[in-house]
Amino acid sequence: MATYLVTGASGGIGCEYCRQLKERGDEVIAACRSSSPDLDKLGVRVETGVDITSDAAVRGLAARLAGQPLDVLINNAGVLQSIPLDHLDFDSIRHQFEVNAIGTLRLTQALLPNLSEGSKLILMTSRMGSIGDNTSGGSYGYRMSKVAMSMAGKSLS
Ligand SMILES: NC(=O)c1ccc[n+]([C@@H]2O[C@H](COP(=O)([O-])OP(=O)(O)OC[C@H]3O[C@@H](n4cnc5c(N)ncnc54)[C@H](OP(=O)(O)O)[C@@H]3O)[C@@H](O)[C@H]2O)c1
0 MATYLVTGAS
10 GGIGCEYCRQ
20 LKERGDEVIA
30 ACRSSSPDLD
40 KLGVRVETGV
50 DITSDAAVRG
60 LAARLAGQPL
70 DVLINNAGVL
80 QSIPLDHLDF
90 DSIRHQFEVN
100 AIGTLRLTQA
110 LLPNLSEGSK
120 LILMTSRMGS
130 IGDNTSGGSY
140 GYRMSKVAMS
150 MAGKSLS
């Protein structure tokens, strides 16, 4: 049995990670901005108020988890806003960097004391974050921010 922390756990893939991990007997800490009925019914530990773009929110989570060893940290929280080149919205692009790249690094750095030799760190990229796979273009903010996140992962490794 391992202890997992999953970000962006209120719905989508994050909630499904929590469901499957709990089902197979792992310990799950579900971090989210606010919980959801789907997450609540899993019966896992839920940590709310975890907006990964907020220093204070992430510091608060780290304080609540002080001394709690983590075997696996799954950085799942992310945001996708697709806007075409002729309608570029730089605030949207900036926001996607804030969440996908900077937020992921912020959360990871704050929880480094909870990781130890052998712990695993997972960053949720996407095929849209692959330069080699980009045959369709578009989605500037999402693609760019996921590449930046991957580079953070490489440095962390
Ligand atoms: N779905 C796919 O096909 C696909 C493919 C490749 C990669 N991915 C990646 O997989 C991950 C999950 O995707 P998904 O499809 O499950 O998306 P989703 O249903 O939109 O879930 C994204 C999660 O991220 C959370 N989030 C957004 N902004 C946040 C912030 N500032 N602080 C903390 N949490 C925040 C959301 O929380 P709220 O509920 O509070 O908004 C939500 O729980 C993402 O990183 C995504 O890029 C998805």
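Per numbering that gives the first Met the number 0, the very first residue in the sequence shown carries number 0; after that it's consecutive. Ideal Cβ placement from N, Cα and C applies to all residues, glycine included. All values reported here derive from a predicted model rather than from experimental measurement.
Cβ shell of residue i (< 7 Å), same chain only, five flanking positions each side left out
{"i": "Met-127", "result": "Ser-138, Tyr-141, Arg-142 and Lys-145"}
Local conformation of residue i per DSSP, three classes
{"i": "Val-5", "result": "strand"}
{"i": "Ala-30", "result": "strand"}
{"i": "Ile-73", "result": "strand"}
{"i": "Arg-63", "result": "helix"}
{"i": "Arg-23", "result": "coil"}
{"i": "Val-45", "result": "strand"}
{"i": "Val-57", "result": "helix"}
Residue i: CB within 7 Å of a non-hydrogen atom of ligand 1
{"i": "Ser-9", "result": "yes"}
{"i": "Arg-93", "result": "no"}
{"i": "Arg-32", "result": "yes"}
{"i": "Leu-79", "result": "yes"}
{"i": "Thr-107", "result": "no"}
{"i": "Asp-50", "result": "yes"}
{"i": "Val-57", "result": "no"}
Residue closest to residue i, alpha-carbon to alpha-carbon, out of the options
{"i": "Ile-28", "options": "Leu-4, Ala-151, Arg-63 and Val-49", "result": "Leu-4"}
{"i": "Lys-21", "options": "Ser-9, Leu-41 and Pro-36", "result": "Leu-41"}
{"i": "Leu-155", "options": "Arg-105, Gly-131 and Asp-132", "result": "Arg-105"}
{"i": "Val-45", "options": "Thr-107, Lys-119, Glu-26 and Asp-90", "result": "Glu-26"}
{"i": "Gly-11", "options": "Ala-1, Ser-35 and Met-0", "result": "Ser-35"}
Neighbourhood of residue i by C-beta, 8 Å cutoff - its chain only, sequence neighbours within 5 removed
{"i": "Leu-110", "result": "Leu-4, Leu-60, Ala-61, Leu-64, Leu-69 and Leu-72"}
{"i": "Lys-119", "result": "Asp-70, Val-71 and Leu-72"}
Contacts around residue i, its chain only, beta-carbon distance under 6 Å, and the 5 residues preceding and following it disregarded
{"i": "Val-78", "result": "Gln-95 and Val-98"}
Every unbroken beta strand (DSSP E) inside the stretch 94-145 [3 residues or more]: Entirely contained in the stretch 94-145, the beta strand (DSSP E) runs reaching 3 residues are, in chain order, 119-122.
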